[in-house]
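Enquirer:
Numbering (our numbering), first residue to last: 14 to 314.
1) Please list the terminal residues of the continuous alpha helix (DSSP H) segment that includes residue 221.
2) Counting only runs that start and end within the segment 21-92, where is the beta strand (DSSP E) found for 3 or more residues in a row?
3) Report the three-state DSSP secondary structure of residue 152 (helix, strand or coil).
4) Residue range of the beta strand (DSSP E) that residue 211 falls in?
5) For the beta strand (DSSP E) that contains residue 238, what are its first and last residues?
6) Spatial neighbours of residue 161 within its chain, please: CB distance less than 6 angstroms, with the 5 preceding and 5 following residues excluded, ordered by chain position.
7) Ordered along the chain, which non-local residues of its own chain (more than five positions away) have a Cβ less than 6 angstroms from that of residue 92?
8) Do residue 129 and residue 290 come within 8 angstroms of each other at the CB atom, strictly closer than that value?
9) Secondary structure at residue 105, three-state DSSP: helix, strand or coil?
10) Put residue 305 into one of helix, strand or coil per three-state DSSP.
11) With DSSP as the reference, label residue 185 as helix, strand or coil.
12) Tell me which residue opens and which closes the alpha helix (DSSP H) that residue 130 is part of.
13) To the nearest angstrom, how far is it from the Cα of residue 139 to the Cα of residue 59?
14) With DSSP run on the structure shown, which of helix, strand or coil describes residue 204?
15) Roughly how many whole angstroms lie between the Cα atoms of residue 22 and residue 166?
16) Measuring only the C-alpha atoms, how far is residue 1 from residue 163?
17) Within the same chain, show all residues whose beta-carbon is closer than 8 angstroms to that of residue 102, passing over the 5 residues directly before and after it, in chain order.
18) Leaving out five residues before and five after residue 203 in sequence, what residues of the same chain have Cβ atoms less than 8 angstroms from its Cβ?
19) Within the continuous alpha helix (DSSP H) that includes residue 295, where are the two ends?
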């Protein structure tokens, strides 16, 4: 595939379709230990795609994050011209790390980014063995990363002020969607990092809970998690009264699980969707911001 005409690439790439694409660079977002035990050929390891925490949604904090990833992309030989395909082990066991990677790359204005549907597990099952896996480290030639001038994806990043506007104005057709795990939504834990990792538990008032796992389906034949079809996503959102032209702000703890939902909603035709990337990590630490801290045990829906 040539990118001279800026051809679009799909949000999700299936293992069986990888042969259709050239100029591919794989980005493995698993831990360095898992990466060392075996990865796709020529994949670079970028665990900080998953671990980097945006403390606040201020311009200063976002600029600091941008500088961090500008440096990291350059160190790993990512130019901005290749087709980046990001993968994790499976799409349901690392809180959607590869989808978080997709969001960060698009935020950094990389024009050609996809996620490997089903992750490494799907690739192994497609190949029928581990023949796609290597322990050999790739040759990395550092460069200067350059994103393009398309600022379309700037609007995908929501801030605390965007969330407050939705809370305060109560405009019809605007939604706050909480996609965290049940234990967080119920108010029993503050985060995946531990029960008391942040000082407050609960949820943002007026949020609708659609757990991120609902955007996946299990392929019983191959035993890997895959994305639901666009029709299934549309049916899911309709059940909550959410329309395709509504304004939707999604949050989780650090923008990872929210990225899973955002990608599927974008693919299913929901145009006005944002990821509150600083999410509960920011919101719960600012005691000026309102929360609903009622424990909802026995009332998951």
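Glycine included, C-beta positions come from ideal geometry on N, C-alpha and C.
The structure displayed is predicted, hence computed values, not measured ones.
Expert: In short, the structure shows the following:
1) Premise fails: residue 221 lies in the beta strand (DSSP E), 220-222, not in any alpha helix (DSSP H).
2) DSSP runs (the beta strand (DSSP E)) wholly in the segment 21-92: 37-41.
3) Residue 152 falls in the coil class under three-state DSSP.
4) First-last for residue 211: undefined, no H or E at that position.
5) 237-240 is the span of the beta strand (DSSP E), which, as asked, contains residue 238.
6) Cβ within range, chain order: 122, 124.
7) Apart from sequence neighbours up to five positions away, the residues of its chain that approach residue 92 with a beta-carbon distance below 6 angstroms are 156, ordered along the chain.
8) Residue 129 sits away from residue 290, with the two beta carbons spaced by 8 angstroms or more.
9) Note: residue 105 maps to coil in three-state DSSP.
10) Of the three classes helix, strand and coil, the one that applies to residue 305 here is strand, per DSSP.
11) Note: residue 185 maps to coil in three-state DSSP.
12) Run containing residue 130: none; DSSP gives neither H nor E here.
13) Looking at the two C-alpha atoms, the distance is approximately 24 angstroms.
14) Residue 204 falls in the strand class under three-state DSSP.
15) The straight-line gap from Cα to Cα measures roughly 15 angstroms.
16) Outside the shown range of the chain, which is 14 to 314, sits residue 1, and nothing can be said about it.
17) Excluding sequence neighbours, residue 102 sits near 43, 47, 132, 133, 134.
18) If we look at residue 203 and ignore the five residues flanking it on each side, its Cβ neighbours are 197, 209, 210, 211, 212, 213, 214, 293, 297.
19) Counting along the chain, the alpha helix (DSSP H) containing residue 295 begins and ends at 292-296.
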